[in-house]
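Chains as they are written, first to last, in my numbering: chain A, 2 to 184; chain B, 2 to 184.
We put the beta carbon where it would ideally sit given N, CA and C, even for glycine.
All values derive from a computational prediction rather than experimental measurement.
Number of protein chains: 2
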Amino acid sequence: MYFVTGNRFKFLEVEKLFREINVVLRQFSVRLVEPQGDLEFIAEYKLKQAYSLLRKPVVVEDAGLFIEALNGFPGPYSKFVLETIGNEGVLKLMEGVVDRRAFFKAVVGFYDGEVLKLFEGVVYGEIAEEKRGSGGFGFDPIFIPEGYAETFAENYELKKKVSHRYRAFMKLIEWLKTTYNIL
Amino acid sequence: MYFVTGNRFKFLEVEKLFREINVVLRQFSVRLVEPQGDLEFIAEYKLKQAYSLLRKPVVVEDAGLFIEALNGFPGPYSKFVLETIGNEGVLKLMEGVVDRRAFFKAVVGFYDGEVLKLFEGVVYGEIAEEKRGSGGFGFDPIFIPEGYAETFAENYELKKKVSHRYRAFMKLIEWLKTTYNIL
């Protein structure tokens, strides 16, 4: 099965989950057209492109950080926002903002040419007052999951067990175990 | 000829330019897939979709505001940024920033099923310290073009004559006049 992503961190975060169900997950790094739109639309669009290139079962994932006080910014455009204003810019936008609620959402898609499935994972939390920690990637240094005191970057092992991505992939894996005939 | 856009402001800004060369420009409001990427890529992608729907000469336009100190943010994602953090958010990101240089860039695309052309228009300027004016739309209240003291929203008539969109469309019109056989 192929996980189509250019992001090695993402691949490494989930590869192990597949090994536990005896599925070999391979990273396929190809540049797909990523439409503007919500995560579900992006995932479905990428699945169809990826399958038409590979003609093998494919998995894609798209995620975003949605900050309540910023009306869902940066949302699906995390990569662009990180490359331009960065975590510093997001913290500046949040200066003096009391409501710091945010969530990460991931949508994982699976397509084998016949069955197309989407699985969603969400983790709630809040935006830290400053960057903390050096693990993880992306917005991990400024996100504190609910019920914890550390950012995802301070406790990357925790992230791997409670994150939006973990939750979405676990749903895919449960579904694969019960439904899909490659096991 | 069809200008494929859901933005009535954009249509009205350029319709007159076409009347002057005796071309009837119609607005065709359909939701196209807008890929993530640079303006040229977005325009080309939309041209092909629009033509396959209409089978008539189509024009598309994509534009963005690129702020130097923010590494080109908000760039091609102007609509999403306006809907989430808005002009207030951009001004907050620019608080205390001395280098306020920015430019608007538009890419206008034309496709008739055989010839595909892209035309670029740029207007340089700077980000105002606060919102000013009520004309125009989008980032017009915070953009002051080079050589002027007012924002595009304070002087919308000026905008129509010096803007990135005007410049890109004038290049298309010059090209239509000399090359294209509908005239």
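Exercise for review: Identify whether Arg20 of chain A lies in helix, strand or coil by the three-state DSSP scheme.
Suggested key: Three-state result, Arg20 of chain A: helix.
Rounded straight-line distance, which links the Cα of Phe140 of chain B to that of Leu184 of chain B:
Its pLDDT being 48, under 50, Leu184 of chain B is placed unreliably in this model, and the coordinates cannot settle the point.
query = Going by the beta-carbon positions, is the gap between Phe10 of chain A and Phe138 of chain A smaller than 8 Å?
reply = Going by C-beta atoms, Phe10 of chain A is nearer than 8 Å to Phe138 of chain A.
**Asked** Is the shortest distance between the beta-carbon of Asn78 of chain A and the beta-carbons of chain B less than 8 Å?
**Response** Before going on, a small fix: residue 78 of chain A reads as Tyr here, not Asn. Output row for Tyr78 of chain A: interface = yes.
- Query: Does the beta-carbon distance from Leu33 of chain A to Ala51 of chain A come in below 8 Å?
  - Reply: yes
*Identified DSSP bridge partners for Lys106 of chain A*: Per the DSSP secondary-structure output, Lys106 of chain A pairs in a beta bridge with A:Gly65 and A:Val123.
task = Below 8 Å between beta carbons is the criterion; list the residues of the segment 6-23 of chain B that meet it against any residue of chain A, in chain order.
result = none
Of the residues B:Ile174, B:Glu131 and B:Trp176, the one placed nearest Ala154 of chain B, counting alpha carbons only: B:Glu131
Helix, strand or coil: how does DSSP classify Ile86 of chain B here?
coil
| Using 8 Å as the limit for Cβ to Cβ distance, is Gly73 of chain B near chain A? | Gly73 of chain B counts as touching chain A.
- How do the segment 92-100 of chain B and the segment 63-76 of chain B stand: do at least 3 beta-carbon pairs fall below 8 Å, yes or no? yes
**Assigned secondary structure, Leu184 of chain B (DSSP; H/G/I helix, E/B strand, else coil)** = Confidence is the limiting factor: at Leu184 of chain B the pLDDT is only 48, short of 50, which leaves the residue's position unreliable and the question unanswerable from this model.
* Asked: Taking Cβ positions only, does Val34 of chain B come closer than 8 Å to chain A?
  -> yes
| task | Determine the burial state of Val123 of chain B: buried for a count of at least 16 other Cβ atoms within 10 Å of its Cβ, exposed for fewer. | result | exposed
Legend entry - Where Pro142 of chain A sits in the DSSP three-state scheme: In this structure, Pro142 of chain A counts as helix in the three-state DSSP scheme.
Pairwise C-alpha distance: Phe120 of chain B and His165 of chain B: 11 Å
Can you grab the Cα-Cα spacing for the pair Leu159 of chain B / Ala169 of chain B, in whole Å? 16 Å
*asked:* According to DSSP, is Val15 of chain A part of a helix, a strand, or is it coil?
replied: helix
9 Å Cβ cut-off: residues of chain B touching Leu92 of chain A: None at all; the shortest Cβ gap to chain B is about 11 Å.
Anything in chain A within Cβ reach of Glu131 of chain B, meaning under 8 Å, just list it in chain order.
Here the premise fails: no neighbours, minimum Cβ distance about 17 Å.
Original post:
Just curious, the alpha helix (DSSP H) that Phe74 of chain B is in, first and last residue?
Top reply: Phe74 of chain B: not part of any alpha helix (DSSP H); DSSP gives it neither H nor E.
Does Leu184 of chain A have its Cβ less than 8 Å from a Cβ in chain B? Note on Leu184 of chain A: pLDDT 48, under 50, position unreliable in the model; no value is reported.
Original post:
alpha helix (DSSP H) containing Val31 of chain B: first to last residue?
Top reply: Premise fails: Val31 of chain B is in no alpha helix (DSSP H) and is neither H nor E.
| said: Taking its Cβ as the centre, do 16 or more other Cβ atoms sit within 10 Å of Asp63 of chain A, making it buried, or is it exposed? | reply: buried
ask   = To the nearest whole angstrom, what separates the beta carbons of Gly65 of chain B and Ser79 of chain B, a pair I think is in contact under 8 Å?
value = 5 Å
Q. Between the C-alpha atoms of Thr6 of chain A and Gln28 of chain A, what's the straight-line distance to the nearest angstrom?
A. 7 Å
Measure from the C-beta of Ile174 of chain B to each C-beta in chain A and report whether the shortest distance is under 8 Å.
-> no
Q: Report the neighbours of Ile128 of chain B on chain A: residues whose CB is nearer than 8 Å to its CB, in chain order.
A: Near Ile128 of chain B there are no residues of chain A at all, since even the closest Cβ is about 14 Å away, more than 8 Å.
If you draw a straight line from the alpha carbon of Leu40 of chain B to that of Asp113 of chain A, how long is it in whole angstroms? 33 Å
Secondary structure at Phe153 of chain A, three-state DSSP: helix, strand or coil? Note: Phe153 of chain A maps to coil in three-state DSSP.
Problem - Exposed unless 16 or more other CB atoms sit within 10 angstroms - verdict on Ile22 of chain A - result: exposed
Cα-Cα, which of A:Asp100, A:Glu175, A:Asn156 and A:Gly110 is closest to Phe4 of chain A?
A:Gly110
| query | Given a threshold of 16 other Cβ atoms within 10 Å of its Cβ, counted over all protein chains shown, does Thr179 of chain B qualify as buried or as exposed? | reply | exposed
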